[in-house]
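Asker: Below you'll find the structure I mean.
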Amino acid sequence: MPILETRSLNKWFGGLHVTGGVDFALETGEMHCLIGPNGAGKSTFFRLILGEHLPTSGQILYNSHDITLAKSYERIRRGISVKFQVPGIFKALSVGQNIQIALQHHVAPAELDHEIDLLLSFLNLKPAARQLAGNLSHGQKQWLEIGMAVGLKPKLLLLDEPTAGMTPDETFATGEMLQALNREGVTVLAVEHDMAFVRQIAHRVTVLHLGKIFAQGTIDEIVANEQVAAIYLGEAHAQ
Numbered sequence: 001m002p003i004l005e006t007r008s009l010n011k012w013f014g015g016l017h018v019t020g021g022v023d024f025a026l027e028t029g030e031m032h033c034l035i036g037p038n039g040a041g042k043s044t045f046f047r048l049i050l051g052e053h054l055p056t057s058g059q060i061l062y063n064s065h066d067i068t069l070a071k072s073y074e075r076i077r078r079g080i081s082v083k084f085q086v087p088g089i090f091k092a093l094s095v096g097q098n099i100q101i102a103l104q105h106h107v108a109p110a111e112l113d114h115e116i117d118l119l120l121s122f123l124n125l126k127p128a129a130r131q132l133a134g135n136l137s138h139g140q141k142q143w144l145e146i147g148m149a150v151g152l153k154p155k156l157l158l159l160d161e162p163t164a165g166m167t168p169d170e171t172f173a174t175g176e177m178l179q180a181l182n183r184e185g186v187t188v189l190a191v192e193h194d195m196a197f198v199r200q201i202a203h204r205v206t207v208l209h210l211g212k213i214f215a216q217g218t219i220d221e222i223v224a225n226e227q228v229a230a231i232y233l234g235e236a237h238a239q
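Everything in the sequence shown is counted per full-length UniProt numbering, starting at 1 for the first residue and increasing by one.
In structure tokens, the structure reads:
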């Protein structure tokens, strides 16, 4: 059974058809990447899932429940969490305090310190626990926000370009973190441009183009698709 499903999902902004009748299903336990050129509608699709935009028509189902009109906080309570491209951390607080804020309403008080320690270790941030979050490197800030999203104990984790600005080593480490979360039962849906990262984590890949699903398949199937190369990878001319 899909954990997330959209049916004939449409979003118009005035005369601009940004999301065009998208039928999409994300299986429980899957790691799935959304790719596509700029303007393909990836961010709008994400915001529809999160409830930041309401669709013009169509449905969004989460664990078979219709959440099309649900508020964002209601979706979070159901088990959806998100990490946006630009880290939304508390820069004037320590790394540990950021994690504490994320965990405090989801962990018993007696277990809070232990859970903070475990999550900092998982994020490779334990040595920086007392450091101001604003002083972290870009990659570490990304990891911290991933940790804050994970602190909500999600069943579905949405990631908007989680490796943007990272070094290759940081990108690979991020992929290992997400694979570990997936083994613990977290379903992952990521918008990503780094094809090496997509190859590292994705069970399946969906290509969006002009607000519609253009292709779906494994990373090998997507890379071998000449039409995908024409619109996204720039490796061929449209037929």
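Beta carbons are placed, not taken as given, at the ideal position from N, Cα and C, and that holds for glycine.
Taking 6 Å as the cut-off, does the CB of LYS71 come closer than this to any heavy atom belonging to the ligand COA?
Answerer: This structure lacks the ligand COA, and indeed carries no ligand of any kind.
Asker: Taking the continuous alpha helix (DSSP H) assigned at PHE197, which residues delimit it?
Answerer: Per DSSP, PHE197 belongs to the alpha helix (DSSP H) from 195–201.
Asker: What are the boundary residues of the alpha helix (DSSP H) that LYS42 is part of?
Answerer: Segment 42–50, the alpha helix (DSSP H) holding LYS42.
Asker: Could you spell out where the beta strand (DSSP E) holding residue 317 opens and where it closes?
Answerer: Within the shown structure, residues of the chain are numbered from 1 to 239, placing residue 317 beyond reach of any answer.
Asker: Can you tell me whether THR19 is helix, strand or coil according to DSSP?
Answerer: It is a strand residue.
Asker: Pull up the DSSP beta-bridge partners for ASP160, would you.
Answerer: ASP160 is bridged to VAL191.
Asker: Can you find the residues in the same chain that come closer than 6 Å, C-beta to C-beta, to HIS203, ignoring five residues on each side of it along the sequence?
Answerer: The residues are GLU30, MET31.
Asker: Going by C-alpha distance, which of LEU123, SER121, PHE122, LEU144 is nearest LEU132?
Answerer: Answer by Cα proximity: LEU144.
Asker: Could you pull the start and end residues of the beta strand (DSSP E) that PHE122 belongs to?
Answerer: Not the beta strand (DSSP E): PHE122 falls in the alpha helix (DSSP H), residues 112–122.
Asker: I believe LEU178 touches GLY147 by the beta-carbon criterion, under 8 Å. Please report the beta-carbon distance rounded to the nearest angstrom.
Answerer: In fact, because the Cβ distance is near 12 Å, the residues do not count as touching under 8 Å.
Asker: Buried or exposed: where does ALA149 fall if 16 or more other Cβ atoms within 10 Å of its Cβ makes it buried?
Answerer: Burial call: buried.
Asker: Under a three-way DSSP split, which group does LYS83 fall into?
Answerer: Three-state DSSP puts LYS83 in a strand.
Asker: Is DSSP giving residue 241 helix, strand or coil here?
Answerer: As displayed, the chain neither begins before 1 nor continues past 239, which places residue 241 out of reach and without an answer.
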